[in-house]
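Chemist:
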Amino acid sequence: MSQTITPAPIRKSFTVRATPQKAFEVFTAGHHLWWPKSHSIGDAPLRKAIIEPRAGGRWYSITEDDVEHDWGDVLVWEPPARLVLAWRLNGQFTYDPDLLTEVDVRFAEAGAGLTRVDFEHRGLEAFGDSAAADAIRAGMNQGWGLILDSFQTVANA
Amino acid sequence: MTNALAFAALADPTRREVFERLARGPLPVGELAHGLPVSRPAVSQHLKVLKEAGLVTDRPEGTRRVYQIDPQGLGQIRAWLDQFWDVTLDAFKAEVERQADEEGDKP
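In order, the protein sequence lines correspond to chains W and S.
Residue numbers 1 to 157, in the working numbering, belong to the letters of the first sequence in order.
Residue numbers 1001 to 1107, in the working numbering, belong to the letters of the second sequence in order.
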């Protein structure tokens, strides 16, 4: 008896009270303004998270000790409609250029001053090339999972 | 919180190795322990933690216990990732709307 684990993509859709241009701008140029500071890698606290504004650009963070940490890169840069990022952090929170999972975000006008955001994180099975994929992915999530409770407390305050 | 428990359970490298071995198929404790750099009682202890975290289940088979991955436990892990993006995207939405409101960029 063997078990094949093919995780479904994570999908989120929601509407924001802003234009697609604004939503795209905040998602990218304003990345560090909303990304939870606790959700980072490296030995020091997160100072800034950066998405370089072009296809092929880097997606990385800078920690308070001035060290840069690659997370991935920009696969599709189509402002204000679509952004696709390659997420290349493996189970040990280490950048792996050969690892590919995709974070695909679409911004569509949904009426005056409203934008529908369709989000998908797919290719999760790439975290492992065997049935152990979920274990490896779990390892990646572990560091962030432990702080989630405290973050939610803040977010819900 | 069960998900937090699942991630804590997988933080230990040996425990993750045990879990990954089980991901390839069900095994009794003795076979699981084979080749691992820890004692069999230690493996049993790891299995206990994994079981409490909802990641593995066990069943008797003759005189021994066979362990396997609990699909419900894996479902919980995916649910955690799902929840992570919920929280992160909520923060994004809040920031976009804060800026839009500031700039009078409203319907």
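Even glycine gets a Cβ: it sits at the ideal position worked out from N, Cα and C.
Taking Cβ positions only, does S:Leu1089 come closer than 9 Å to chain W?
Modeler: Along the second sequence, read from residue 1 onward, the residue named residue 1089 of chain S stands at position 89. Yes, its Cβ sits closer than 9 Å to a Cβ of chain W.
Chemist: Chain W beta carbons: is any one of them nearer than 9 Å to that of S:Thr1099?
Modeler: Numbered from its first residue, the second sequence carries residue 1099 of chain S at position 99. One detail in the question is off: residue 1099 of chain S reads as Gln in this sequence, not Thr. Chain W, which has a Cβ nearer than 9 Å to the Cβ of S:Gln1099, makes this yes.
Chemist: Here's the rule: buried if 16 or more other CB atoms are within 10 angstroms of the residue's CB, otherwise exposed. What is S:Glu1017?
Modeler: Locating residue 1017 of chain S in the second sequence gives position 17, where the first residue counts as 1. Buried is the call here.
Chemist: Which same chain residues, not among the five before or five after W:Arg116, have their C-beta less than 6 Å away from its C-beta?
Modeler: Your numbering for residue 116 of chain W matches position 116 in the first sequence. Answer for W:Arg116: Thr15, Ala108, Ala110, listed in chain order.
Chemist: Would DSSP call W:Trp87 helix, strand or coil?
Modeler: Position 87 of the first sequence, counted from the start, is the residue given in the question as residue 87 of chain W. Strand.
Chemist: Compare the C-beta of S:Lys1051 with all C-beta atoms of chain W and state if any pair is closer than 9 Å.
Modeler: For the purposes of this step, residue 1051 of chain S is taken as residue 51 along the second sequence, with counting starting at 1. Output row for S:Lys1051: interface = no.
Chemist: I think W:Gly113 touches W:Arg88, with their Cβ atoms under 8 Å apart; what is that distance to the nearest whole Å?
Modeler: Against the first sequence, residue 113 of chain W aligns to sequence position 113. Against the first sequence, residue 88 of chain W aligns to sequence position 88. So it is not a contact: roughly 35 Å between Cβ atoms.
Chemist: Quick one: using the 10 Å Cβ neighbour count with 16 as the cut-off for buried, is S:Pro996 buried or exposed?
Modeler: In this structure chain S extends from 1001 to 1107, so residue 996 of chain S is not present and cannot be described.
Chemist: Could you name the residues of chain W that S:Asp1082 contacts, counting a contact when the two beta carbons are closer than 7 Å?
Modeler: The sequence position of residue 1082 of chain S within the second sequence is 82, counting from 1. Those within 7 Å of S:Asp1082 in chain W are Ile10.
Chemist: Output the boundary residues of the alpha helix (DSSP H) element that contains S:Pro941.
Modeler: An answer regarding residue 941 of chain S cannot be provided, because it is not within the stretch 1001 to 1107 covered by chain S.
Chemist: Check whether chain W comes within 9 Å of S:Glu1150, counting only Cβ atoms and requiring the distance to be less than that.
Modeler: Shown here, chain S extends from 1001 to 1107; a query on residue 1150 of chain S therefore has no answer.
Chemist: Are any of the Cβ atoms in chain S nearer than 9 Å to that of W:Trp35?
Modeler: Your numbering for residue 35 of chain W matches position 35 in the first sequence. Output row for W:Trp35: interface = yes.
Chemist: Specify the secondary structure class of W:Ala32 as computed by DSSP and reduced to three states.
Modeler: Mapped onto the first sequence, residue 32 of chain W falls at position 32. Looking at the sequence shown, residue 32 of chain W is not Ala but His. Reduced to three states, the DSSP call for W:His32 is helix.
Chemist: Rounded to a whole number of angstroms, what is the C-alpha to C-alpha distance between S:Gly1104 and S:His1046?
Modeler: Position 104 of the second sequence, counted from the first residue, corresponds to residue 1104 of chain S. Position 46 of the second sequence, counted from the first residue, corresponds to residue 1046 of chain S. Each residue's Cα considered, the two are about 56 Å apart.
Chemist: Under the rule that 16 or more other beta-carbon atoms within 10 Å means buried, what is S:Leu1032, buried or exposed?
Modeler: For this step, residue 1032 of chain S is matched to residue 32 along the second sequence. Buried is the call here.
Chemist: Taking Cβ positions only, does S:Asp1058 come closer than 9 Å to chain W?
Modeler: Here residue 1058 of chain S refers to the residue found at position 58 when the second sequence is read from its first residue. Not one chain W Cβ lies under 9 Å of S:Asp1058.
Chemist: Output the boundary residues of the alpha helix (DSSP H) element that contains S:Val1029.
Modeler: Position 29 of the second sequence, counted from the first residue, corresponds to residue 1029 of chain S. Counting along the chain, the alpha helix (DSSP H) containing S:Val1029 begins and ends at 1029–1033.
Chemist: Say the cut is 8 Å; is the CB of W:Phe14 nearer than that to a heavy atom of the ligand PLP?
Modeler: The ligand PLP is not part of the structure shown, which contains no ligands of any sort.
Chemist: Just the C-alpha distance for W:Arg106 and W:Arg17, rounded to the nearest angstrom, thanks.
Modeler: Stepping through the first sequence from its first residue, residue 106 of chain W is reached at position 106. Stepping through the first sequence from its first residue, residue 17 of chain W is reached at position 17. About 15 Å.
Chemist: Determine, using beta carbons only, whether S:Val1096 comes closer than 9 Å to chain W.
Modeler: By 1-based counting over the second sequence, the position of residue 1096 of chain S is 96. Output row for S:Val1096: interface = yes.
Chemist: How about S:Lys1093: is its C-beta nearer than 9 Å to some C-beta of chain W?
Modeler: Position 93 of the second sequence, counted from the start, is the residue given in the question as residue 1093 of chain S. It does; some Cβ of chain W falls within 9 Å.
Chemist: Considering just the uninterrupted stretch of the beta strand (DSSP E) at W:Gly123, what are its terminal residues?
Modeler: In the first sequence, the residue the question calls residue 123 of chain W occupies position 123. W:Gly123 -> no beta strand (DSSP E), and no H or E assigned at all.
Chemist: Assuming W:Pro158 and W:Leu83 are in contact, meaning their beta carbons sit under 8 Å apart, how far apart are those beta carbons, in whole angstroms?
Modeler: Nothing can be reported for residue 158 of chain W: it is not among the residues displayed for chain W, which extend from 1 to 157.
Chemist: Please check if any C-beta of chain S sits within less than 9 Å of the C-beta of W:Lys48.
Modeler: Counted from its first residue, the first sequence places residue 48 of chain W at position 48. No, because no Cβ of chain S sits closer than 9 Å to the Cβ of W:Lys48.
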